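Chains as they are written, first to last, in our numbering: chain A, 251 to 542; chain B, 7 to 408.
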């Protein structure tokens, strides 16, 4: 294994943190849906792809900067997520969780192929003037879009935390997550809360998509590249934990970056999945998960 | 007045209908030509540009009076979508054969070309490969299979020789190399070749870095390259990953003395040049490219760009391949598959309606011996040929200015 100068290792760690925050944002939606609905949403990657195409179209057709596109896309994706859960996933599952698995899997296939039919398999990217901007931090060169992504990801997590902790909707979501039947008994509309949660998950993806687009490309299968990492983060951070998702994201980002630096990018993925297995073996509830 | 005109019209119609069978007999039957391209799936972009080249050639041949040796017979295109996989290619060859095509041109990717040409061989159906570079395509002993363009061995051999020449001509500024490659069959094979061949030619390979496809991030690779500080970067990746790599290098202000690609998915692609001109600037590639000195090349390029499309190598390669079939049909004198195979194999330097930068055509076991890849470089937002000198329209900018 090659020894690298300290500033290069430092920069790799910084890169990992910046990338990890966006991973955390992708994982945030996944963990929230799991925590409340107790389902694994296999359509998460496809919804991310859909959001990236939406941000691309906003830029291509309406000249909207990806960061500005966050403003219209968040409510649109919230509504889309809400509707998907309320009118497709919920009714199709007929109350059986294993059905939901298949319904979301089917949804992801449908969305991916719809994107393939509309946009073809080409990779598309936006050209924004700041895409290649760097910020000098001591000896390091940090990518501006990633720094912005890092800041926004934390902001979204904070907003989400406040919503869950302080608002009535948040309390209802937490109540349903803890005890579905009890929540229904005190008058909480469980299927509405499910749909709201799914909507929030989709809205998180819309933000993540807009943060990714300036420095990344979009193709019909691009979401899969992120969603597998997001699964690991959810397991690491604890299923259903918001701070767990964010911190897990940062941690995985650094692991990926360092193992990429030392082992090469092809083997860099190994670090992530070794952690996945170790967590499942020794701490199946994750770092912040509630004890089963 | 009116009935009078009507009678005259009736007479005219009768005259036409009497003459019609004679006219039909004089018009020779159209020659059906199969054009096989992947226009859906992962390779759709390449397939579209291949089809475009074939269409231009067919339209041009028909507009100029068809095939003279066959009494001016027109060429009728029978198009097949290979759907980006070998099975799709084989299925379309079977359909084309049933429709009575005289030959099949295209395939694009090596796996499609391998399978489709084999399927065609069962019917003695001539198959002309447009792009697929795998050496095995022409070494299986199939009589029906021809390739006008160069194979992998010829391309990489020329890539290494030309690198030495370009480096020597510049006073040997480059000695150390980092190879970056995608970890699939194409990239890994290329990396192995570079690792065995470069040291023998006086280069030191500092490190070989692989990455998956798709790759999310190239920052680490950029960091390692910065730590290694090589004179030259040799990447073998597909389009999206190479674009990501070159943009990341640009962002991290990493400027080696050159980036030298071999059969790269992006470096000879105007889409990359148009979308990311700064990242693309001065990148060199060894690839298929049309002969810039031929007037026809400029004419075809204008026609393609007038359709708001990019100028990719698929178009001139397919244009030239269809022209080769036309040339062979003229020499064969009949639209017969076996005669056409004979004529294709006997093609000589007299075939000059192609627009590739090749010497006089000569086929040995189906491979055009004069086919070659050329060195291109992105210079002033254009893709220029910099080597070999006979075909060049620009001088190499190497090493890169500081």
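All C-beta atoms, glycine included, are put in the ideal place defined by N, C-alpha and C.
These numbers come from a predicted model, not from an experiment.
From the DSSP output, which residues share a beta bridge with residue i?
i, result
"residue 293(B)", "380(B)"
"residue 393(A)", "384(A)"
"residue 86(B)", "42(B)"
"residue 241(B)", "186(B)"
"residue 369(B)", "374(B)"
"residue 153(B)", "135(B), 373(B)"
"residue 266(B)", "290(B)"
"residue 213(B)", "184(B)"
"residue 374(A)", "468(A)"
"residue 109(B)", "39(B)"
Check the C-beta distance from residue i over to residue j and give it rounded, since I have them as a contact under 8 Å.
i, j, result
"residue 498(A)", "residue 486(A)", "4 Å"
"residue 292(B)", "residue 268(B)", "5 Å"
"residue 76(B)", "residue 335(B)", "7 Å"
"residue 445(A)", "residue 278(A)", "Not confirmed; about 18 Å, so no contact."
"residue 504(A)", "residue 270(A)", "6 Å"
"residue 225(B)", "residue 188(B)", "Not quite, the Cβ-Cβ distance comes to about 17 Å (not below 8 Å), so this is no contact."
"residue 299(A)", "residue 470(A)", "6 Å"
"residue 130(B)", "residue 150(B)", "6 Å"
"residue 323(A)", "residue 402(A)", "Contact flag wrong, Cβ pair sits at about 13 Å."
"residue 227(B)", "residue 439(A)", "Not really, about 50 Å apart at Cβ, beyond 8 Å."
Give every residue of the same chain whose Cβ lies closer than 6 Å to the Cβ of residue i, excluding the five residues on either side of it in the sequence, and list them in chain order.
i, result
"residue 297(A)", "452, 455"
"residue 354(A)", "291, 292, 293"
"residue 63(B)", "325, 328, 329"
"residue 375(B)", "368"
"residue 182(B)", "210, 212, 236, 237"
"residue 420(A)", "413, 414"
"residue 266(A)", "503, 504, 507"
Among the options, which residue has its Cα nearest to the Cα of residue i?
i, options, result
"residue 396(A)", "371(A), 411(A), 275(A)", "275(A)"
"residue 47(B)", "255(A), 356(A), 371(A), 324(A)", "371(A)"
"residue 404(A)", "280(A), 387(A), 362(A), 268(A)", "268(A)"
"residue 265(B)", "241(B), 367(B), 274(B)", "241(B)"
"residue 535(A)", "321(A), 510(A), 484(A), 459(A)", "484(A)"
"residue 246(B)", "223(B), 233(B), 299(B), 400(B)", "223(B)"
"residue 262(B)", "185(B), 399(B), 343(B)", "185(B)"
"residue 382(B)", "204(B), 306(B), 146(B), 271(B)", "271(B)"
"residue 428(B)", "141(B), 38(B), 59(B)", "Nothing can be reported for residue 428(B), as the shown portion of chain B is limited to 7 through 408."
"residue 257(B)", "517(A), 465(A), 533(A), 301(A)", "465(A)"
"residue 382(A)", "218(B), 71(B), 283(B)", "283(B)"
"residue 427(A)", "526(A), 406(A), 263(A), 281(A)", "281(A)"
"residue 402(B)", "173(B), 301(B), 191(B)", "173(B)"
"residue 191(B)", "116(B), 233(B), 180(B), 146(B)", "116(B)"
"residue 355(B)", "219(B), 365(B), 347(B), 349(B)", "365(B)"
"residue 155(B)", "107(B), 343(B), 346(B), 370(B)", "370(B)"
Mind pulling the chain B residues with CB within less than 8 Å of residue i?
i, result
"residue 265(A)", "223, 225, 226, 229"
"residue 467(A)", "246, 249, 250"
"residue 375(A)", "249, 281"
"residue 511(A)", "226, 229, 230"
"residue 472(A)", "220"
Excluding five sequence neighbours on each side, which residues of the same chain lie with their C-beta closer than 8 Å to the C-beta of residue i?
i, result
"residue 377(A)", "none"
"residue 114(B)", "43, 44, 49, 52, 53, 56, 88, 136, 137, 138, 320"
"residue 384(A)", "391, 392, 393, 394"
"residue 171(B)", "393"
At a CB-CB cut-off below 9 Å, which residues of chain A make contact with residue i?
i, result
"residue 197(B)", "Ordered by position in chain A, no residue passes the 9 Å Cβ test against residue 197(B), which lies about 11 Å from the chain."
"residue 216(B)", "514, 515, 516, 517"
Ignore the nearest five residues each way along the sequence and tell me which others in residue i's own chain have a CB closer than 7 Å to its CB.
i, result
"residue 306(A)", "374, 376, 463, 468"
"residue 121(B)", "92, 95, 96"
"residue 522(A)", "479, 482, 502, 505, 506"
"residue 119(B)", "113, 135, 138, 143"
"residue 373(B)", "144, 153, 157"
"residue 332(A)", "445, 446, 448, 449"
"residue 29(B)", "Residue confidence for residue 29(B) is low, a pLDDT of 48 falling below 50, so the modelled location carries little weight; the figure read from the coordinates is stated next. Excluding positions up to five away in sequence, the list is empty."
In chain A, which residues lie with their C-beta within 8 Å of the C-beta of residue i?
i, result
"residue 301(B)", "Going along chain A, no residue has its Cβ under 8 Å from residue 301(B), so there is no contact; the nearest lies around 32 Å."
"residue 47(B)", "371"
List the residues of chain B whose Cβ lies closer than 9 Å to the Cβ of residue i, in chain order.
i, result
"residue 255(A)", "233"
"residue 269(A)", "222, 223, 225"
Would you mind telling me which residues of chain A sit closer than 7 Å to residue i, beta carbon to beta carbon, in chain order?
i, result
"residue 189(B)", "516"
"residue 115(B)", "Those do not exist, as residue 115(B) stays about 13 Å from chain A at its closest Cβ, beyond 7 Å."
"residue 257(B)", "382, 384, 393"
"residue 51(B)", "372"
"residue 253(B)", "382"
Which chain B residues are close to residue i, counting only those with a beta carbon under 7 Å from its beta carbon?
i, result
"residue 489(A)", "Those do not exist, as residue 489(A) stays about 24 Å from chain B at its closest Cβ, beyond 7 Å."
"residue 475(A)", "220, 222"
Interface residues of the segment 324 to 340 of chain A facing chain C [CB-CB below 9 Å]: Absent from the structure is chain C; the protein chains it does hold are A and B.
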